[in-house]
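A.B. asks:
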């Protein structure tokens, strides 16, 4: 991006305390550690940090100025005073959104958002589009505005992810991004602490529509009844995906193995056999969502098939990795009941011993014990051979498994090191190990112990 300080002041309705109003701004940063010369620094204030403490540092690094919300005295470069720097970041992103000519694609859902975002980007790149996307999981009140501000007016597509932990968050993000294409992957029990129950999740995800208008297109999961209800309230064009015969774009003759999935991708006038290394049922739905966007954007079916097969699953998001003489299903990044059920289904298909190494599913509120017990029952029903459990709810998973008749090996560890040591002693050639837990559980640390000789 390129703006003048005076344009930023006008967009934010702020006050220039000092500095040159004609100074160029060539980017935005909220992190003093990674700020580059010419970028404008937003001094955000969090629970454990205050960006106002780093103004001298960013000045020395060549920042074009800073946006602040409290008096700091004279610094010697451009200072723009606003009421709230976080809100100002969103406001500048909304201002910049008006200058973007590309199609803005907003994605939300309870799981599969990031993989779907990466798949969409991969397909659009193959289709010849100039694409900008949210890096990593930049899907909150800081990440999404930054993603928009890092996009260029020359980009033909801007792919954004929208997450939430409470009501109003997706509404805020959607009104900033104003998606031309809105994608809802699914609705499941995630972030229940902030929204109470599944109907609360549905209400929160439906806020994606708040930034869309009658010219927008909603792309949604026809197989998910809660998502279907949201779609019924949208008055613009709709494209559905799923296994259902009612879906605009559907998957038929699905084959799921431990190496990925294959299916016939059918659109109203043609079909093609496709495959992806993204594992399990989640791989089917991510592929369908991404393919739906690609089809709306005019990419030929053959190119979509090529893109799905060449897409590389993301680290810690369901990637199959060989480690010496056993296999790891690395799904460490996050966990909720919907995504965990899908991962356990994949594990149940493998030919070797099936070992589940599970950490807590976070943010389930008062339903946490019920869902963790349910996980234990699934493990017993799916014939999992061994359970290695870590976290506050490990006993609940174990209890559910035993109640359902689990007869396999069961180990509850107090920390990652203990789990890693016990797992090393248990493993033998040909085993398959699923690693999964919420982000707070850092289950990749167990993988680190396994990688040690």
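In my numbering, the protein residues as written are 2 to 454. For each residue, glycine too, the CB sits at the ideal point set by N, CA and C.
1. From 414, 12, 404, pick the residue whose C-alpha is nearest to that of residue 395; which is it?
2. Span of the beta strand (DSSP E) holding residue 328?
3. Please work out which residues of its chain come closer than 6 Å, Cβ to Cβ, to residue 335, disregarding the five sequence neighbours upstream and downstream, and give them in chain order.
4. State the beta-bridge partners of residue 277 as determined by DSSP.
5. Residue 12 to residue 5, Cα distance in whole Å?
6. Express the C-alpha separation of residue 333 and residue 251 in angstroms, rounding to a whole number.
7. Check residue 134 in the structure and name its three-state DSSP category.
8. State buried or exposed for residue 214, treating a residue as buried only when at least 16 other CB atoms are found within 10 Å of its CB.
9. Quick one: using the 10 Å Cβ neighbour count with 16 as the cut-off for buried, is residue 354 buried or exposed?
10. Of the choices 68, 78, 48, 128, whose alpha-carbon is the least far from that of residue 62?
11. If we ignore side chains and look at the alpha-carbon of each, how far apart do residue 370 and residue 450 end up?
12. Please name the residue, chosen from 221, 116, 405, that lies closest to residue 317 on a Cα-to-Cα basis.
13. Any heavy atom of the ligand GTP closer than 7 Å to the Cβ of residue 287?
14. Jot down the residue ranges of each uninterrupted alpha helix (DSSP H) in the stretch 177 to 249, minimum 4 residues, whole runs only, in chain order.
15. Identify whether residue 412 lies in helix, strand or coil by the three-state DSSP scheme.
16. In the DSSP assignment, find the alpha helix (DSSP H) that holds residue 19 and state where it starts and stops.
17. Pick out the complete beta strand (DSSP E) segments inside the stretch 370 to 426, 3 residues or longer, and give them in chain order.
18. How many Å lie between residue 20 and residue 86 at the Cα?
19. Spatial neighbours of residue 343 within its chain, please: CB distance less than 6 Å, with the 5 preceding and 5 following residues excluded, ordered by chain position.
20. Compare the C-alpha of residue 368 against each of 326, 258, 348, 197 and name the closest.
21. Any contact between the stretch 22 to 37 and the stretch 46 to 66? By contact I mean 3 or more CB pairs, one from each, below 8 Å.
22. Provide the residue span of the alpha helix (DSSP H) that contains residue 43, from first to last.
23. Determine, using beta-carbon pairs with one atom in the stretch 430 to 438 and one in the stretch 399 to 414, whether at least three such pairs fall under 8 Å.
24. Under a three-way DSSP split, which group does residue 433 fall into?
25. Flag this pair as touching only if the stretch 150 to 159 and the stretch 101 to 112 have three or more C-beta atom pairs under 8 Å; answer yes or no.
26. Please name the residue, chosen from 349, 346, 389, 383, that lies closest to residue 361 on a Cα-to-Cα basis.
27. Could you name each continuous beta strand (DSSP E) segment of 3 residues or more that falls completely within the stretch 345 to 369, going from the start of the chain to the end?
28. Per DSSP, which one or two residues make a beta bridge with residue 272?
29. Looking at the secondary structure, which residues open and close the alpha helix (DSSP H) in which residue 46 lies?
30. Tell me which residue opens and which closes the alpha helix (DSSP H) that residue 120 is part of.
31. Using beta-carbon positions only, say whether residue 183 and residue 220 come within less than 8 Å of one another.
32. Can you give me the Cβ contacts of residue 174 inside the same chain, cut-off strictly under 6 Å, excluding the 5 residues immediately before and after it?
33. Cβ of residue 234 within 8 Å of Cβ of residue 185?
34. Let me check one thing: in DSSP terms, what residues is residue 441 bridge-paired to?
35. Provide the residue span of the beta strand (DSSP E) that contains residue 82, from first to last.
36. Please report the distance separating the alpha-carbon of residue 404 from that of residue 378.
C.D. replies: Considering the structure as presented:
1. Sequence index remark: in the chain shown, residue 395 carries index 394 (1-based). With respect to the C-alpha of residue 395, the residue from 414, 12, 404 having the closest C-alpha is 414.
2. Looking up residue 328 in the chain shown gives position 327. Per DSSP, residue 328 belongs to the beta strand (DSSP E) from 327 to 332.
3. Taking the chain shown and counting its residues from 1, the one referred to as residue 335 is at position 334. Excluding residues within five positions, the ones whose Cβ falls inside 6 Å are 439, 440.
4. If you number the chain shown from 1, residue 277 lands on position 276. 262.
5. On the chain shown, position 11 is the one that residue 12 refers to. On the chain shown, position 4 is the one that residue 5 refers to. About 11 Å.
6. The residue given as residue 251 occupies position 250 in the chain shown. The residue given as residue 333 occupies position 332 in the chain shown. Separation of residue 251 and residue 333 (C-alpha to C-alpha, rounded to the nearest whole angstrom) is 29 Å.
7. Mapped onto the chain shown, residue 134 falls at position 133. DSSP places residue 134 in strand when its eight states are reduced to three.
8. Here residue 214 refers to the residue found at position 213 of the chain shown. Burial call: exposed.
9. In the chain shown, counting from the first residue as 1, residue 354 sits at position 353. With 16 or more Cβ atoms within 10 Å of its Cβ, residue 354 is classed as buried.
10. Within the chain shown, residue 62 is the residue found at index 61, counting from 1. Among 68, 78, 48, 128, the Cα nearest to that of residue 62 belongs to 78.
11. Within the chain shown, the letter at position 369 stands for residue 370. Within the chain shown, the letter at position 449 stands for residue 450. Their Cα atoms are separated by approximately 29 Å.
12. Here residue 317 is taken as the residue at index 316 of the chain shown, counted from 1. Ranking the options by Cα distance to residue 317, first place goes to 116.
13. Ligands displayed in this structure: none; no statement on the ligand GTP is therefore possible.
14. 193 to 196, 199 to 207, 226 to 233
15. Start at 1 with the first residue of the chain shown, and residue 412 comes out as number 411. Residue 412 falls in the strand class under three-state DSSP.
16. Working through the chain shown from its first residue, we reach residue 19 at position 18. Segment 16 to 19 is the beta strand (DSSP E) holding residue 19; no alpha helix (DSSP H) there.
17. If we require 3 residues or more, the beta strand (DSSP E) runs fully inside the stretch 370 to 426 come out as 387 to 391, 410 to 414.
18. As a first step, residue 20 is located in the chain shown; it is residue number 19 there, counting from the start. As a first step, residue 86 is located in the chain shown; it is residue number 85 there, counting from the start. Our two residues, residue 20 and residue 86, have alpha carbons roughly 18 Å apart in a direct line.
19. Numbered from 1 along the chain shown, position 342 holds the residue referred to as residue 343. For residue 343, where only same-chain residues beyond five positions count, the Cβ hits under 6 Å are 281, 282, 283.
20. Here residue 368 is taken as the residue at index 367 of the chain shown, counted from 1. Nearest option by C-alpha distance: 197.
21. yes
22. The residue given as residue 43 occupies position 42 in the chain shown. Note, residue 43: premise wrong, no alpha helix (DSSP H); beta strand (DSSP E) at 41 to 43.
23. no
24. On the chain shown, position 432 is the one that residue 433 refers to. It is a strand residue.
25. yes
26. As a first step, residue 361 is located in the chain shown; it is residue number 360 there, counting from the start. It is 389.
27. 355 to 359
28. Along the chain shown, one-based indexing puts residue 272 at 271. Answer by DSSP bridge pairing, in chain order: 267.
29. Here residue 46 refers to the residue found at position 45 of the chain shown. Annotation: residue 46 is outside any alpha helix (DSSP H) and is labelled neither H nor E by DSSP.
30. Taking the chain shown and counting its residues from 1, one reaches residue 120 at position 119. Start and end: 114 to 127.
31. Position 182 of the chain shown holds residue 183. Position 219 of the chain shown holds residue 220. Residue 183 is a Cβ neighbour of residue 220, given a cutoff of 8 Å.
32. On the chain shown, residue 174 is found 173 positions in, with the first residue counted as 1. The beta carbon of residue 174 is closer than 6 Å to those of 145, 163 in its chain, skipping five residues each way along the sequence.
33. Residue 234 sits at position 233 when you count from the first residue of the chain shown. Residue 185 sits at position 184 when you count from the first residue of the chain shown. No, they are not a contact pair.
34. Sequence index remark: in the chain shown, residue 441 carries index 440 (1-based). Residue 441 pairs with nothing; no bridge assigned.
35. Residue numbering aside, residue 82 sits at position 81 when the chain shown is read from its first letter. Residue 82 -> beta strand (DSSP E) spans 79 to 82.
36. As a working mapping, residue 404 is identified with position 403 in the chain shown. As a working mapping, residue 378 is identified with position 377 in the chain shown. When rounded, the distance between both Cα atoms is 7 Å.
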